[in-house]
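Asker:
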Amino acid sequence: MNRTALARRLTGGVVPGLLLASLSGLASPASADAQYMPSQAPVPPPFFALRNARIVTGTGAVIENGTVVIANGLIEAVGADLDIPGDAWLIDVSGLTVYPGLFDGLSQVGLEAQGAADFGGVGGGGGNPLLALAQQPRTVGPEDRPATNSWVNAADMLNSEAGGIETWRSGGFTNALVAPDDGIVTGQGVVVNLAGDEQEMVVKAPAALRVTMSGAGGFRSFPGSLMGVIAYIRQLYLDADHSRQYEARYMADPSGQPRPTYDRALGPIQDAIAGGWPTVMPANEVRQIRRAIKLGRDTGGRPVLQGAHEAYGLADEIAAAGVPVLVDVDWPERNREADPEADESLASLKRRAYAPTTPARLEEAGVEWAFYSGSAGSPRAMMEKVRTAIEHGLSEEAALEALTAAPARIYGVDEMLGSVEAGKIANLVVTDGPLFDEDTDIRMVFVDGHRFEEEAPEPRPTEPPAADMNGTWLLSLNNDSQEATAELEVSEDGTISGLIRGERGEQQITDGWVSGNEFSITATATMGPGMEVEIVYTGTVEGDSIEGNASFGGAGNMDFRGTRPGGGVR
Amino acid sequence: MRHPTKWSIRRVGAGCLALGLAFGVPGGAAAQEQPILIRGATILTAAEAGRIEDGAILFENGRIIAVGSTSEVEAPSDAVVIDGTGKFVTPGIIDAHSHIAADAINEGAVSVSSMVSIHDVIDPTDIALYREAAGGTTTSHIMHGSANPIGGNNAVIKHRWGEDAEGLLFEGAPPTIKFALGENPKRAGSPTLPGQEARYPASRMGVMDVIRQAFIEATEYKAEWDTYRARVAGGDRNAIPPRRNLTMDPLVEILEGTRYVHAHSYRADEILQLMRVAEEFGFRIHTFQHVLEGYRVADEMAEHGAHASTFSDWWAYKMEAYEAIPHNAAIMTRRGVNVSINSDSGEEGRHLNQEAAKTMKWGGLSEAEALATVTINAAIQLMIDDRVGSLEAGKDADIVLWENYPLSSYARVRTTYIDGEVVFDIDADMAMRAEIEAEKAELRELLGESDDPDDERDPGRRPGGGR
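Protein sequences appear in the order of chains F and X.
Sequential numbering from 6 applies to the first sequence in our numbering.
Sequential numbering from -9 applies to the second sequence in our numbering.
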């Protein structure tokens, strides 16, 4: 380390000196930095040296025993034999693996609802939706700029205290491309860090334009149909180009010429064309993919295909078109409302069977592609769906790339993010095992060099079960206001499996144990598409009765009591 | 009988599943592999040759090589020879008015929707493409709806089931556009909500006003561009191009005679009105669609040069469709109008042969005239008659082999060829049903959802996925 670097560090306000924090027990009390609060005045990031790390750099190289030096929010050095700076805070991460922080290719995390333009603003109607619709002003042509929010910048919509940020960060996601959601042109997408205040979060703004091709206004407002939306997008790009030409000519010689009309929708489109902004367009089905590629070609935009569930058979065509792809990890499932007696179509079966092979096909064809969370509502759900793609032939290296370097390249931030390399932003995730293993836990996350520690899971008590919990239990939750039936099965080592049927559907038990007369059962309930809630039942068992507390994904608690009318007979 | 195994693989993708390659994504256009000769059949040519008893037709590389009596037509040695004894051969049927295979039909919020095009929203996966081919239909005019006086741009396609949207397009078919008159564009059937601003127009007068206004604007727009081009041609480097207006561009093409108007219409008065408005601006209404009162103004239509594409005997479904008669097609034909019978429906598009046959019953058209209403006449209306619509050497091999007399309710298609390739064959279809069931079973197994009742309960489960 040279003097300048040292001086920079010293002025960074960190207490110099040798801070040797031995992290033998990883559940040690939170460090000072872990108390870093995003909304407070900026806290200068400390200097860390992660020692004895297995480092998956994301550039192909894996360093089996190396060191990552983090300074001023950046990765200062990575290597096997590094001189560890004297003022660094040493963290021994023996047995742990350091990966680049994960990057969600398209997300809404951290965004507040906007008051953006739709098909004519918000109507009144005194609560009557029909009347409200009738009173909305109509858009009657392209000149009305229907649902065009190209001027909306996601950076202006950030809320650093939004709940999802911490959830995704603790799941290993340090970055996302966040983009507004409303309109035909929803607005400008921004690459964010998932920590810090609203200003600190922004890595690149704007980094993309987002088009949905949806939200058509039926027979009331233009455009009312998909072909109207496509025609409108063409006109919008033509108008942007014409207005750029006209303004240039006018500014050169305004005398005697009508002055150009200000149109807030056109400037960002001009910038997008000139700057080659990636333009995210929905393209799940084969014909949508081909339409998006064609529309991109026709308008001079640079399309990025969003969805790509049917891209498995088009990988070579997409590669030839040179169009990047964002793959929605929320693989198609059979329509839950479908008539169970009805025969599922061949097309639907194919889509379900082959959509998860899309990543493997894109990898083979050499397409630039990244994952995005889609409707997968949690990092856990997302990683599970990424594992599905790996089971369908995707290599783990490509899966990691699609969650790190690839989205960074697509959005033009690959010199700042996407790998563990000196000079890049210190966004890292530290795990206790291979990233894509189901049992791997995340132990630390670094964003801008700030450390966020994840608690190590409590070891499971291993006393032999003092009670037999096998059988069917009747549970009443919170003073009989709700009832449920639990069918439990306990294996010899005390692991509980089974099913809980509540008034709001089934909960699948994902984990559980009984030790002595104490037990814990973790169950997952699906509350809607992609919305899973984890419920943890903890309590004690005494003969044919149990009691305890159920925690609903951190959102609430209920006491429960239960009996086993049939006794302990399977 | 040639058994089109290639077809069953390319079109359906069955059989590749074991290799994990059956992605259901159509490949590129495959050319006809071998010459085909159908001999011994009765051929209804829809051309000058008329009906040929004991006829033969040879086609190769997607084109008709020869049509004549069986003794005249010689087959090359590598030709697949099909015995057509007792069977009939006609040109592929052309549906001049269809709404299948599109993800959108109406851009309904505006009175002039000429900025939109069916080309942008073709859905090549619509099974109607295949089902209509099973009824002998090989070409369709996919039209914008009738919600606006000036509607969107249409697409002419071939029923090349298995191709992508681009591959369906009829190469080189001149561009067309939909107009609409009467109750639909004035929104007679769609009252506005309380407090809602009604869309103009609300009367037949208003419909003509909208069209007239649009062409006044288009004339000005065209003049702007003409001026600009003249300035550029004169060396003016400071000329600023006018704003491209996608709504106006197709109207300029109409004025320049490069885009052809197909106007939805019912009543005699509005048919006359529209021809007069068009003549004001120096263009022609190429074809009146539906045109149920065309029999009243057939002379005027013939004089204007308009074609007519009507229904056989479908009427009284709304006020303006009450004054219809089933003799409409025959009367217009006798008065010198080129008449086609269309479907306007994915159901009717499967038996246009029967619809054509009705003109023999109602109005006494000859067999040749009746067949022409769903073949060569429709081709003339779409200006593709140099390629399709009749069985003549040099034309596309869009050919239907019928089990029995086609202008009959007992008619049944054996094989439909497009560009010489089988798109429907009754035996291959039966075989394909079993292949599809087998493929579905394999997919269910791949998904871990085969007949095991436990799996049925959890249709979202995947092999190795979940817990």
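Idealized CB from N, CA, C, for every residue including glycine.
Quickly, what does DSSP pair X:G45 with across the bridge? List them, please.
Answerer: Here residue 45 of chain X corresponds to residue number 55 of the second sequence, with the count starting at 1. In the DSSP output, where bridge partners are listed per residue, X:G45 has X:A31, X:S59.
Asker: Tell me, please, whether the CB atom of X:R234 is closer than 9 Å to any CB atom in chain F?
Answerer: Numbered from 1 along the second sequence, position 244 holds the residue referred to as residue 234 of chain X. For X:R234, the answer is yes, since a Cβ of chain F falls inside 9 Å of its Cβ.
Asker: Between X:N143 and F:E511, what straight-line distance do the alpha-carbon atoms span, to the nearest angstrom?
Answerer: Position 153 of the second sequence, counted from the start, is the residue given in the question as residue 143 of chain X. Position 506 of the first sequence, counted from the start, is the residue given in the question as residue 511 of chain F. Distance between the alpha carbons of X:N143 and F:E511 is about 51 Å.
Asker: Of all Cβ atoms in chain F, is any one closer than 9 Å to the Cβ of X:L241?
Answerer: Counting from 1 along the second sequence, the entry for residue 241 of chain X is found at position 251. Output row for X:L241: interface = no.
Asker: Since I believe F:V450 is in contact with F:T102 (beta carbons under 8 Å), could you give me their beta-carbon distance rounded to a whole number of angstroms?
Answerer: Looking up residue 102 of chain F in the first sequence gives position 97. Looking up residue 450 of chain F in the first sequence gives position 445. Incorrect: roughly 13 Å between the Cβ atoms, too far for contact.
Asker: Going by DSSP, name the residue or residues bridged to F:V519.
Answerer: Numbered from 1 along the first sequence, position 514 holds the residue referred to as residue 519 of chain F. Beta-bridge pairing links F:V519 to F:F524.
Asker: Give the range of the beta strand (DSSP E) segment to which X:A428 is assigned.
Answerer: As a first step, residue 428 of chain X must be located in the second sequence, where it is residue number 438. That residue, X:A428, is in no beta strand (DSSP E); its alpha helix (DSSP H) goes 416 to 436.
Asker: Output yes if chain X places a C-beta closer than 9 Å to the C-beta of F:E349; else output no.
Answerer: What you label residue 349 of chain F is simply residue 344 of the first sequence in a count that begins at 1. Yes, contact with chain X.
Asker: Is the Cβ-Cβ distance between F:R239 and X:L236 less than 9 Å?
Answerer: The residue given as residue 239 of chain F occupies position 234 in the first sequence. The residue given as residue 236 of chain X occupies position 246 in the second sequence. The answer is yes: Cβ separation under 9 Å.
Asker: Got a sec, what are the start and stop residues for the beta strand (DSSP E) F:F565 sits in?
Answerer: The residue given as residue 565 of chain F occupies position 560 in the first sequence. Element bounds for F:F565: 562 to 568.
Asker: Is the Cβ of F:L606 closer than 9 Å to any Cβ of chain X?
Answerer: The structure shown does not extend to residue 606 of chain F, since chain F is modelled only from 6 to 575, so the question has no answer here.
Asker: Going by the beta-carbon positions, is the gap between X:T406 and X:A37 smaller than 9 Å?
Answerer: On the second sequence, residue 406 of chain X is found 416 positions in, with the first residue counted as 1. On the second sequence, residue 37 of chain X is found 47 positions in, with the first residue counted as 1. Not in contact: X:T406 and X:A37 (Cβ atoms no closer than 9 Å).
Asker: Pair every Cβ in the segment 65 to 73 of chain X with every Cβ in the segment 294 to 312 of chain X, then say whether three or more of these pairs are closer than 8 Å.
Answerer: No, because fewer than three Cβ pairs between the segment 65 to 73 of chain X and the segment 294 to 312 of chain X fall closer than 8 Å, the two stretches do not touch.
Asker: Output the boundary residues of the alpha helix (DSSP H) element that contains F:E315.
Answerer: Residue mapping note: residue 315 of chain F aligns to position 310 of the first sequence, counting from 1. Premise fails: F:E315 is in no alpha helix (DSSP H) and is neither H nor E.
Asker: Sorted by chain position, which residues of the same chain lie with C-beta nearer than 6 Å to X:D289's C-beta, five sequence neighbours on each side aside?
Answerer: For the purposes of this step, residue 289 of chain X is taken as the residue at position 299 of the second sequence. The answer, listed in chain order, is R325.
Asker: Quick one, which of X:E337, X:G384, X:N328 has its alpha-carbon nearest X:A360's?
Answerer: For the purposes of this step, residue 360 of chain X is taken as the residue at position 370 of the second sequence. Measuring from the Cα of X:A360, the nearest candidate turns out to be X:N328.
Asker: Since X:I206 is in the alpha helix (DSSP H), which residue starts that stretch and which ends it?
Answerer: If you number the second sequence from 1, residue 206 of chain X lands on position 216. Taken as a continuous stretch (DSSP letters only), the alpha helix (DSSP H) holding X:I206 covers 194 to 223.
Asker: For F:G382, which three-state DSSP category applies?
Answerer: Along the first sequence, read from residue 1 onward, the residue named residue 382 of chain F stands at position 377. Of the three classes helix, strand and coil, the one that applies to F:G382 here is coil, per DSSP.
Asker: Does the structure place the segment 362 to 378 of chain X close enough to the segment 413 to 424 of chain X that three or more beta carbon pairs sit under 8 Å?
Answerer: No, the segment 413 to 424 of chain X does not touch the segment 362 to 378 of chain X.
Asker: Among F:D335, F:G544, F:N164, F:A181, which has the Cα closest to the Cα of F:A411?
Answerer: Within the first sequence, numbered from 1, the residue matching residue 411 of chain F stands at position 406. The shortest Cα separation from F:A411 among F:D335, F:G544, F:N164, F:A181 belongs to F:A181.
Asker: Residue range of the beta strand (DSSP E) that X:T80 falls in?
Answerer: Along the second sequence, read from residue 1 onward, the residue named residue 80 of chain X stands at position 90. Unbroken beta strand (DSSP E) run through X:T80: 78 to 81.
Asker: Does chain X have any CB closer than 9 Å to the CB of F:R357?
Answerer: Locating residue 357 of chain F in the first sequence gives position 352, where the first residue counts as 1. So yes, F:R357 belongs to the interface.
Asker: Output, in chain order, the set of chain F residues within a Cβ distance shorter than 9 Å of X:N174.
Answerer: Along the second sequence, one-based indexing puts residue 174 of chain X at 184. Chain F residues near X:N174: none, gap ~11 Å exceeds 9 Å.
Asker: Note the first and the last residue of the continuous beta strand (DSSP E) segment covering F:W336.
Answerer: Taking the first sequence and counting its residues from 1, one reaches residue 336 of chain F at position 331. Note, F:W336: premise wrong, no beta strand (DSSP E); not H, not E.
Asker: Count the other C-beta atoms from every protein chain shown that fall within 10 angstroms of the C-beta of X:A4, then say buried if there are 16 or more, exposed otherwise.
Answerer: In the second sequence, the residue the question calls residue 4 of chain X occupies position 14. Any reading at X:A4 needs caution, since the residue's pLDDT is 34, under 50, leaving its predicted position unreliable; the model's value is listed next. Its Cβ being crowded by 16 or more others within 10 Å, X:A4 is buried.
Asker: Tell me which residue opens and which closes the beta strand (DSSP E) that X:R404 is part of.
Answerer: The residue you call residue 404 of chain X lines up with position 414 of the second sequence. Per DSSP, X:R404 belongs to the beta strand (DSSP E) from 403 to 408.
Asker: Looking at C-alpha atoms only, which residue of X:V146, X:L436, X:L34, X:L48 is the closest neighbour of X:Y250?
Answerer: Here the question's residue 250 of chain X lines up with position 260 in the second sequence. Closest option to X:Y250, Cα to Cα, is X:V146.
Asker: Let me confirm a value: X:D216 is counted as buried when at least 16 other C-beta atoms fall within 10 Å, else exposed. Which label applies?
Answerer: In the second sequence, the residue the question calls residue 216 of chain X occupies position 226. Answer is exposed; the Cβ neighbour count stays below 16.
Asker: Does the separation of the CB atoms of F:F565 and F:S481 fall below 9 Å?
Answerer: Position 560 of the first sequence, counted from the first residue, corresponds to residue 565 of chain F. Position 476 of the first sequence, counted from the first residue, corresponds to residue 481 of chain F. Their beta carbons are under 9 Å apart, which means F:F565 touches F:S481 by this criterion.
Asker: Is it true that the CB of X:D116 sits closer than 9 Å to the CB of X:G336?
Answerer: To locate residue 336 of chain X, count along the second sequence from 1; it is residue 346. To locate residue 116 of chain X, count along the second sequence from 1; it is residue 126. Their beta carbons are under 9 Å apart, which means X:G336 touches X:D116 by this criterion.
Asker: Put F:L31 into one of helix, strand or coil per three-state DSSP.
Answerer: Residue mapping note: residue 31 of chain F aligns to position 26 of the first sequence, counting from 1. For F:L31, the predicted model reports a pLDDT of 34, less than 50, meaning its position is unreliable and no value from the coordinates is stated.
Asker: So, for X:M238: in the same chain, excluding its five sequence neighbours on each side, which residues have a beta-carbon less than 7 Å away from its beta-carbon?
Answerer: Within the second sequence, residue 238 of chain X is the residue found at index 248, counting from 1. The answer, listed in chain order, is E207, A208, Y211.
Asker: Can you say whether F:D246 is buried or exposed, counting buried as having 16 or more other CB atoms within 10 angstroms of its CB?
Answerer: As a working note, residue 246 of chain F is residue 241 in the first sequence. Its Cβ being crowded by 16 or more others within 10 Å, F:D246 is buried.
Asker: Among the residues of its own chain, which have a CB less than 8 Å from the CB of X:A229, if the five just before and after it don't count?
Answerer: Translated into the one-based positions of the second sequence, residue 229 of chain X becomes position 239. So the list reads Y218, R221, V222, once near-sequence residues are dropped.
Asker: Any beta-carbon of chain F closer than 9 Å to the one on X:E207?
Answerer: For the purposes of this step, residue 207 of chain X is taken as the residue at position 217 of the second sequence. No, X:E207 lies away from the interface with chain F (no Cβ there is under 9 Å from its Cβ).
Asker: Give me the subset of the segment 95 to 108 of chain X whose CB atoms are less than 8 Å from a CB atom of chain F, sorted by chain position.
Answerer: Taking 8 Å as the Cβ-Cβ cut-off against chain F, the residues of the segment 95 to 108 of chain X that qualify are I95, N96, E97, G98, A99, V100, S103, M105, V106, S107, I108.
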